[in-house]
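According to the working numbering, the sequence shown is numbered sequentially starting from 27. What follows is a single structure, written as C-alpha cells, with notes after it.
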Amino acid sequence: MWLRKFTIAFIFLPVFINAQDDYSRLLDQYMSSQASINDFSGNVLIAYKGKIIYKKALGYANREWKIPNTLETKFRIGSITKQFTSAAILQLVEKGKISLEDKLSNYFPAFPKGDSVTIHMLLNHTCGIKSYTAIKNFSSISPLPYSKDSVIALISRQPYDFSPGTSYSYSNSGYFLLGCLVEKVSGQSYESYLNENLINSVSLRNTGMDRLDSILPNRSSGYVLSQRVYKNAPFISMEFPFSAGAIFSTVDDIYKWQMALFGGKIVSGEHLKKMNTPYLSKYGYGLHIDTFHNHLHIGHSGGIPGYTTNSEYYPADDLYIIVFSNNTADAPYIGKALASIIFEVPVVQPYKHKEVEIDGKLLDKYVGRYRTSDGTIINLVKKENKLFRRTESGVEFEFAPESNSKFFALNGRDNQVEFFIDKNGYVVKVEFIRSGVRTEMRKVIQETALKN
C-alpha cells in the first residue's frame, strides 16, 4: 500500500510542478504588462499550496533618483494595520484584561455615547463613530502632529453616523481608539506591545510602526497620479493613521504574518473565528470576508497617500496574494486579477488603448446610474458629446471611446466600460473592467438628469 501511494504521488508531482510553472508564467505576463503599460510600481508575492510561485519587484522605490523597488523595499501598508490592532485586542481579551462587551466609557468616560459603544462594535465598524478621514477639513489637518488626546477630542466632537450597533460604517476613528485601548490596558505603548507580542513573536524583521524621524533602510517613496502626471504624495503626519494604518512592511513579512495569523499562532482558535466571522457588510475584526469566483477569501486592503496595498488569503485553495504599490495602483483589483489567473478565469490583459471618433448620439443610450455585482456605484454622464464617470463625491473622469461600444479611462487607470448591443441596437449587458477583472453592471436608475 505504501508503495502504491508513493507511486501515485510520484506520477502526479511533475504535473503539479508544471502547473505551477504555467501559473508563474501567466502571472508574470500580467504583472509585466501592468508595469510596462499601466506603470505599476510595487511588489507582488503569491504563494499557492505551500510554495511561493511568484514574487517580483517592479517600478521605482524613488522616482527622482531612479532607484528601483527590490524585494526588500518597505511600504506603508495602510489599513492592513487593522488586523494587527484587532489581534492585539484579542490577545488582551485572552489574558483577561479586557472584554469584547466592555463599554468605551469604561476607558474614556467623557466620550459621547461611550456607554453605548462596545469593543466588539469598534472592531467590526458598527460603532457609528465618524471616521476622522471623513471630516471635511481633514486634508488640511492631516499634516499636523496631533497628540492622541487631541485626535480623541477631534473625534468626540463629530456627530455619530448612526446609533451604535445599528449599522456599518468603516471607521478609522474606531481603530484609533482601539490602539489607545491597547496602551491603557497593557500599560505599554502600542508600538512596544506590537513589537513584543506580535512582530517579534513571528520574526517579522522588516515590519514596524512608521516613524517620520527615523532612518528606515529600503523605505519606498509614495507617489500619486494627478492629470496623468506623477507627483510626490501629500505629506501626512503618522500620528493620525496610528493603529488604523501606520505600519510599514514587506511582502515577505506580510506573507509570514498571514501564515502565522491564520495558522492559529497569534490568537486562539476561538478568537480567530471571531476575526473571520462576517458581520455587517462582510467585515470581521480587522478583516474582510467575502467570495470571489465562489472562492472564500479573507483579507484587507490599505490606502494611505502614495500607497495602496492588498493582502488576501483563500483558505480552501491555500492561496495567498499580496500586492503593494507605491504609486497608488489598484492593488485590490490587481490582486483579484492574479487570483483569476490561478482560478483559470479569463482576465483582460493590459494593452495600449487608441481613441477613435464616434457619433456623440450613441452616448445617450449609455448614460445612467449603474451598480456593479460587487456593489460599486458607477454614474456615467454625457458632457459635450463625451462620456464621463462621475463619482459619488462629484469628481469626474473621462472615458474615451476605442469603439462604438467600448470606452477606456483617461485618468491613467486600467478601467474600461463595455456595452453589449443586440441586433436591434439595444444595450443587453454592460461590464466594468477593472485591472482586467470583468464585473457586470446593472442600471439602477434612469438618470437622464445627469446628462447636463
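The beta-carbon is built from N, C-alpha and C at its ideal position, and this holds for glycine as well. Everything numeric in this text was worked out from a predicted model, so none of it was measured.
Does DSSP put residue i in a helix, a strand or coil?
{"i": "Q442", "result": "strand"}
{"i": "Y452", "result": "coil"}
{"i": "K380", "result": "coil"}
{"i": "T159", "result": "helix"}
{"i": "H146", "result": "helix"}
{"i": "F350", "result": "strand"}
{"i": "S182", "result": "helix"}
{"i": "M57", "result": "helix"}
{"i": "Y80", "result": "strand"}
{"i": "R51", "result": "helix"}
{"i": "E127", "result": "coil"}
{"i": "S419", "result": "coil"}
{"i": "K409", "result": "strand"}
{"i": "A484", "result": "Only positions 27 to 478 of the chain appear in the structure, and residue 484 is not among them; the question remains open."}
{"i": "K31", "result": "Low confidence applies here, because K31 scores a pLDDT of 38, under 50, leaving its location unreliable and the question unanswered by this model."}
{"i": "Y281", "result": "helix"}
{"i": "M467", "result": "strand"}
{"i": "F266", "result": "coil"}
{"i": "I103", "result": "coil"}
{"i": "E222", "result": "helix"}
{"i": "Y194", "result": "coil"}
{"i": "E98", "result": "coil"}
{"i": "F318", "result": "strand"}
{"i": "Y216", "result": "helix"}
{"i": "G154", "result": "coil"}
Give the straight-line distance between the Cα atoms of residue i and residue j, rounded to the nearest whole angstrom.
{"i": "H323", "j": "K387", "result": "43 Å"}
{"i": "Y309", "j": "S197", "result": "12 Å"}
{"i": "H321", "j": "A342", "result": "7 Å"}
{"i": "K291", "j": "W283", "result": "10 Å"}
{"i": "Y186", "j": "G401", "result": "24 Å"}
{"i": "T354", "j": "A426", "result": "22 Å"}
{"i": "V70", "j": "K449", "result": "43 Å"}
{"i": "S50", "j": "I79", "result": "6 Å"}
{"i": "F446", "j": "W91", "result": "46 Å"}
{"i": "S215", "j": "C206", "result": "9 Å"}
{"i": "N95", "j": "N244", "result": "9 Å"}
{"i": "R468", "j": "V456", "result": "7 Å"}
{"i": "M147", "j": "S173", "result": "24 Å"}
{"i": "V17", "j": "N232", "result": "Residue coverage of the chain in this structure runs from 27 to 478, which leaves residue 17 outside it and unanswerable."}
{"i": "N437", "j": "F318", "result": "27 Å"}
{"i": "A136", "j": "S182", "result": "9 Å"}
{"i": "R89", "j": "Y256", "result": "9 Å"}
{"i": "D440", "j": "E428", "result": "14 Å"}
{"i": "K412", "j": "L389", "result": "8 Å"}
{"i": "M27", "j": "Y74", "result": "Low confidence applies to M27: its pLDDT is 35, below 50, so where it sits in the model is not reliable enough to give any reading."}
{"i": "E418", "j": "K408", "result": "16 Å"}
{"i": "G289", "j": "F188", "result": "36 Å"}
{"i": "S131", "j": "Y359", "result": "39 Å"}
{"i": "E127", "j": "K121", "result": "15 Å"}
{"i": "S307", "j": "D316", "result": "9 Å"}
{"i": "L224", "j": "L345", "result": "23 Å"}
Just to confirm the assignment, what range does the alpha helix (DSSP H) spanning residue i have?
{"i": "K108", "result": "T107 to E120"}
{"i": "K362", "result": "A357 to I368"}
{"i": "F164", "result": "F164 to I167"}
{"i": "Y311", "result": "Counting along the chain, Y311 falls outside any alpha helix (DSSP H), and DSSP gives it neither H nor E."}
{"i": "F274", "result": "No alpha helix (DSSP H) holds F274; the beta strand (DSSP E) holding it covers I273 to S275."}
Measure the beta-carbon distance from residue i to residue j and round it to whole angstroms, keeping in mind my assumption that it falls under 8 Å.
{"i": "V421", "j": "L406", "result": "Not really, about 14 Å apart at Cβ, beyond 8 Å."}
{"i": "F101", "j": "N336", "result": "About 11 Å separates the two Cβ atoms, so there is no contact after all."}
{"i": "I262", "j": "P331", "result": "5 Å"}
{"i": "Y249", "j": "I348", "result": "Not quite, the Cβ-Cβ distance comes to about 20 Å (not below 8 Å), so this is no contact."}
{"i": "M484", "j": "I273", "result": "The question about residue 484 has no answer here: the residues shown for the chain are numbered 27 through 478."}
{"i": "K108", "j": "H326", "result": "6 Å"}
Under DSSP, the beta strand (DSSP E) around residue i begins and ends at which residues?
{"i": "F202", "result": "Not the beta strand (DSSP E): F202 falls in the alpha helix (DSSP H), residues N198 to S212."}
{"i": "E296", "result": "Element bounds for E296: not the beta strand (DSSP E) but the alpha helix (DSSP H), G295 to M301."}
{"i": "F66", "result": "Per DSSP, F66 belongs to no beta strand (DSSP E) and is neither H nor E."}
{"i": "A426", "result": "E422 to P427"}
{"i": "A435", "result": "K432 to A435"}
{"i": "K412", "result": "K412 to R416"}
{"i": "A136", "result": "Segment: none, A136 is in no beta strand (DSSP E) and carries neither H nor E."}
{"i": "Y249", "result": "Y249 to S252"}
{"i": "Y86", "result": "Y86 to N88"}
{"i": "Y396", "result": "G394 to T398"}
**Message:** Restricting to runs no shorter than 4 residues, where is the alpha helix (DSSP H) found entirely within the stretch 323-347?
**Reply:** Here no run is fully enclosed.
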